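Residue numbers (my numbering): 913 to 1341.
What follows is the structure, given as structure tokens:
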């Protein structure tokens, strides 16, 4: 009989403090870089106990090594790791069972003690892992696969399922990228891994729904969250317009063509304001706030349709808007907009956002000790905000393998001599 079969299940939390609505859920993570780790972080920020498995001979999660690095006393770590790997435990384990069969016993023991397994390795069969094997160990397990184009068992063409994928490719294949940028230039795509974060959020939603069902039925299930389909899901009306009218939207740059004012305007100090006012009431409110004659530049003649926006009077009004912003600094302009309930935003740098008093009063910046640097760091805090069971940051991002021995001892009942033997074989770090 395998060791995991004799192992007693130990409920969570065993290592994390008790807080938040997800306390009592244990998550096992085999994921790197952004989407899968962020999915797990969103859960750990609200009390789930997350054990992240990292392969010791590869230097752990590549996100640790993302440039630029933050360095102290010869130790370096990425800002992304500091921000996103907090509230987790790091377990260094070689998870290629075909190369290191001995590690399979440890992995299955962790699976038996987990409620959720999240992975974005895609080709798990090549490592000797199957969903069926994990469900046999833990029938209530929630398995979440995160990939570029989907995973086997949910339909699709295996040729596409086997493709490597990352955020800009998902944006491209979904149709989203072709809507970004200017019509006379090459298409663009969103920066800062926004699609990975989007997919992570969608995956969290699926996990929590599946977990609720497992508590009622005692039966786990598999979840398939792909980057490309996440982008497809937020394409607004594009697919319906095509299926019903054979209409394809096109990229239009930073200016709205269907109504005005709408788009990005440069201010006198080189700053920028993003302004939007859809509908007659909003339009009139903008003109009133800016001191523009609503009778001369009526909504019907200047903003009610693409033709009105493109008319001579519509173009004249656009020139007035541009002149207005050029005669004001970005701060002056946004103050006018705020005071007149005009929907507008100051396009800010990270420094300006960080120093904005509004977000400080909402407690959006938190300090904690990064475990690699052993130094207090400051990062964006926890959201969304919950009134009764708020999330929190209970520890900084872990050093590679920081919690391996503790988890083996306290959760999996390994002895000191067994742990030393595993180290000798290179199975753990």
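For glycine and all other residues, C-beta sits at the position ideal for the given N, C-alpha and C. On a predicted model such as this, the values are computed, not experimentally measured, just so you know.
In this structure, how does DSSP classify residue i when only helix, strand and coil are distinguished?
i            : result
residue 1282 : strand
residue 1177 : strand
residue 1288 : strand
residue 1102 : coil
residue 927  : coil
residue 1125 : helix
residue 961  : strand
residue 1003 : strand
residue 1321 : helix
residue 1196 : helix
residue 1025 : coil
residue 1160 : coil
residue 1170 : coil
residue 1137 : strand
residue 1073 : helix
residue 990  : strand
residue 1305 : coil
residue 1188 : strand
residue 1016 : helix
residue 1332 : helix
Can residue i and residue j be called in contact, C-beta distance under 8 Å?
i            : j            : result
residue 1058 : residue 1132 : no
residue 994  : residue 988  : no
residue 931  : residue 1244 : no
residue 939  : residue 961  : yes
residue 1039 : residue 996  : no
residue 952  : residue 1000 : yes
residue 1185 : residue 1258 : yes
residue 1135 : residue 1055 : yes
residue 984  : residue 1285 : yes
residue 1213 : residue 1225 : yes
residue 1110 : residue 1142 : yes
residue 1156 : residue 1086 : no
residue 1123 : residue 1034 : no
residue 1315 : residue 1002 : yes
residue 1306 : residue 1013 : no
residue 1238 : residue 1179 : yes
Between the alpha carbons of residue i and residue j, how many angstroms are there, rounded?
i            : j            : result
residue 1215 : residue 1195 : 8 Å
residue 1282 : residue 1240 : 42 Å
residue 1052 : residue 963  : 18 Å
residue 1199 : residue 1217 : 17 Å
residue 957  : residue 934  : 9 Å
residue 1016 : residue 949  : 22 Å
residue 1220 : residue 1172 : 9 Å
residue 974  : residue 992  : 11 Å
residue 1233 : residue 1117 : 42 Å
residue 1302 : residue 1026 : 23 Å
residue 1042 : residue 1067 : 17 Å
residue 1231 : residue 1102 : 29 Å
residue 1270 : residue 1105 : 26 Å
residue 922  : residue 1318 : 14 Å
residue 881  : residue 1250 : An answer regarding residue 881 cannot be provided, because it is not within the stretch 913 to 1341 covered by the chain.
residue 978  : residue 1275 : 27 Å
residue 1089 : residue 1045 : 38 Å
residue 1369 : residue 1252 : Residue 1369 lies beyond the range of the chain shown here (913 to 1341); nothing can be said about it.
residue 1079 : residue 1208 : 47 Å
residue 1277 : residue 1265 : 11 Å
residue 1063 : residue 1073 : 6 Å
residue 924  : residue 1321 : 15 Å
residue 1113 : residue 1060 : 15 Å
If we count the other Cβ atoms within 10 Å of its Cβ and call it buried at 16 or more, is residue i buried or exposed?
i            : result
residue 1021 : buried
residue 1076 : exposed
residue 1032 : buried
residue 955  : buried
residue 1005 : buried
residue 1324 : buried
residue 1019 : buried
residue 1083 : buried
residue 916  : buried
residue 1151 : exposed
residue 1149 : exposed
residue 1310 : buried
residue 1336 : exposed
Could you give the C-beta distance for residue i and residue j, rounded to a whole number, given that I count them as a contact under 8 Å?
i            : j            : result
residue 1279 : residue 1294 : That pair is no contact at about 13 Å.
residue 1313 : residue 1341 : 4 Å
residue 1188 : residue 1242 : Not really, about 16 Å apart at Cβ, beyond 8 Å.
residue 1164 : residue 1095 : 6 Å
residue 990  : residue 967  : At roughly 18 Å, the Cβ-Cβ gap does not stay under 8 Å, so residue 990 and residue 967 are not in contact.
residue 1292 : residue 1236 : In fact, because the Cβ distance is near 33 Å, the residues do not count as touching under 8 Å.
residue 941  : residue 965  : 6 Å
residue 1256 : residue 1246 : 6 Å
residue 1193 : residue 1254 : Between residue 1254 and residue 1193 the Cβ distance is about 12 Å, and since that is not below 8 Å, they are no contact.
Give a yes or no on whether the minimum CB-CB distance between residue i and chain D is below 8 Å.
i           : result
residue 924 : Within the model displayed, chain D is absent; a lone protein chain is all it includes.
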